[in-house]
Every structure is written in structure tokens, then in C-alpha cells.
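Okay, so here's the structure we're looking at.
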Amino acid sequence: MSSTDQKGHKRDYQIDSENKISRRKFLKLSTIGASITAWTLTMIGLLKFPKPALLPDVSNIFKIGKPEDMPVGTKKIIEDKKVRIVRDGDGIYAVSLICTHLGCIVSKTSKGYQCPCHGSKFNERGDVVAGPAPRGLSWLEVSQLPSGKLVVNAGKKVPAGTKYVV
Ligand code: FES
1 MSSTDQKGHK RDYQIDSENK ISRRKFLKLS TIGASITAWT LTMIGLLKFP
51 KPALLPDVSN IFKIGKPEDM PVGTKKIIED KKVRIVRDGD GIYAVSLICT
101 HLGCIVSKTS KGYQCPCHGS KFNERGDVVA GPAPRGLSWL EVSQLPSGKL
151 VVNAGKKVPA GTKYVV
């Protein structure tokens with residue numbers, strides 16, 4: 001068999017019948033290749049599942065400043081974290097602004113919080129005043145780093161009324 005390349009040179013080819021791949025062999029190799037690919041992708045997926053139980057999700061932990069930056073009476077909302085920070089005479093605490101009904105973000109009112117989605121109301125402490133929210137707003141852990149900065153762990157709830165004493 002012969003053919004002409006782009007420059008017009010003739011080339012001869014010889015089909016080697018021993019190098020031909022049979023349909024059966026092709027299917028067998030395809031199956032093995034697909035199996036290896038599927039196994040590899042499954043293993044990659046499984047490696048992503050385990051999370052270390054001792055290490056908290058760092059994306060939930062954020063700094064809120066030093067205690068001296070928050071005098072008694074400080075009340076501030078950290079919009080992007082959906083958290084309200086309050087310092088009163090007993091300590092500092094953080095309340096989640098995520099409604100316990102279906103997860104809408106509550107708004108601060110003069111008497112507490114109100115959910116725009118289904119009308120749940122919460123008092124200043126985050127306790128439910130009117131449903132359908134099944135429970136009060138979550139209080140989140142506040143702690144202090146060795147550097148003196150306070151941090152909130154939005155992934156760790158604490159009993160309502162728990163304040164970090166500074
Ligand atoms: S999500 Fe807040 S009341 Fe439904």
C-alpha cells in the first residue's frame with residue numbers, strides 16, 4: 001500500500017497483520033482502561049471525604065478584635081459572617097443571625113430580631129418570641145488567642161447566655 005505525503009513524496013506502508021488489534025482485544029483493553037479510570041476517580045473522591053475530627057473548619061473561625069476595642073455597651077453586626085457581637089457588663093457574646101426555621105438572615109429590630117421570610121421574632125437574647133422558628137438564635141463560642149485577639153467559632157454553638165469573660 002502506498003500514499004503521498006504533503007510534499008508529494010511517495011511512501012509505502014505495509015500492514016502488519018500481527019500488529020492488528022482484534023475486536024475482542026480492543027474491547028478487553030477498553031474495559032480494563034475504563035475500570036482503572038473509574039477506580040482512580042472513586043479513590044480521589046473518597047480521599048476528599050474524611051475530615052480530621054480534631055481540627056475545626058477554619059473558615060468558621062474569625063477574629064473580632066481585642067477586648068479593649070470593645071468597651072462595655074458595644075453592639076455590632078458582622079454582616080459577612082451573619083453574627084452579632086455584644087459586650088455587656090458580664091462579658092462578650094456572639095449570636096448567629098441565621099434563622100433557626102429555614103435559614104434566612106434575621107434583621108435587627110428595636111426589640112430583638114425579626115425574620116423576613118416567615119415572620120419569626122426573637123428577643124434581644126435571641127429567644128423565640130413568635131414562630132415558626134423552632135428554637136432561639138444560636139449563641140456561638142467566643143474565645144481568645146494568645147495574641148489577645150478574640151475569635152468567634154461560628155461552627156461551635158454554646159448554650160444561650162454563655163459569655164466570654166474578659
Ligand atoms: S426562615 Fe425565618 S421564619 Fe422561616
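Everything in the sequence shown is counted per this note's numbering, starting at 1 for the first residue and increasing by one. Glycine included, every Cβ here is placed at the ideal spot set by N, Cα and C.
- Closer than 7 Å to some heavy atom of the ligand FES: that does not describe the Cβ of S107.
- A direct Cα-to-Cα measurement between K157 and P132 gives close to 21 Å.
- Excluding sequence positions up to five before and after K163, its CB lies within less than 7 Å of the CB of D90, G91, I92, Y93, all in the same chain and listed in chain order.
- At the C-beta level, W139 and V86 stay beyond 8 Å of one another.
- Using a cutoff of 7 Å, the CB of A34 does not count as near the ligand FES, since none of the ligand's heavy atoms is closer than that.
- Taking 7 Å as the cut-off, the C-beta of A133 counts as close to a heavy atom of the ligand FES.
- The DSSP assignment places complete beta strand (DSSP E) segments of no fewer than 3 residues inside the region 96 to 141 at 112 to 114, 121 to 123, 128 to 130, in order along the chain.
- Minimum Cα-Cα distance from P159 among the listed residues D127, S147, Q144 corresponds to D127.
- For the pair of segments examined, the region 112 to 126 was found not to touch the region 62 to 78: the number of CB pairs separated by less than 8 Å stays below three.
- Remark: C-beta atoms of A154 and K81 approach each other more closely than 8 Å.
- Counting along the chain, V166 sits inside no beta strand (DSSP E), nor does DSSP assign it H or E at all.
- When DSSP states are grouped into helix, strand and coil, L150 belongs to the strand group.
- For F62, the pairing in a beta bridge is given by DSSP as V152.
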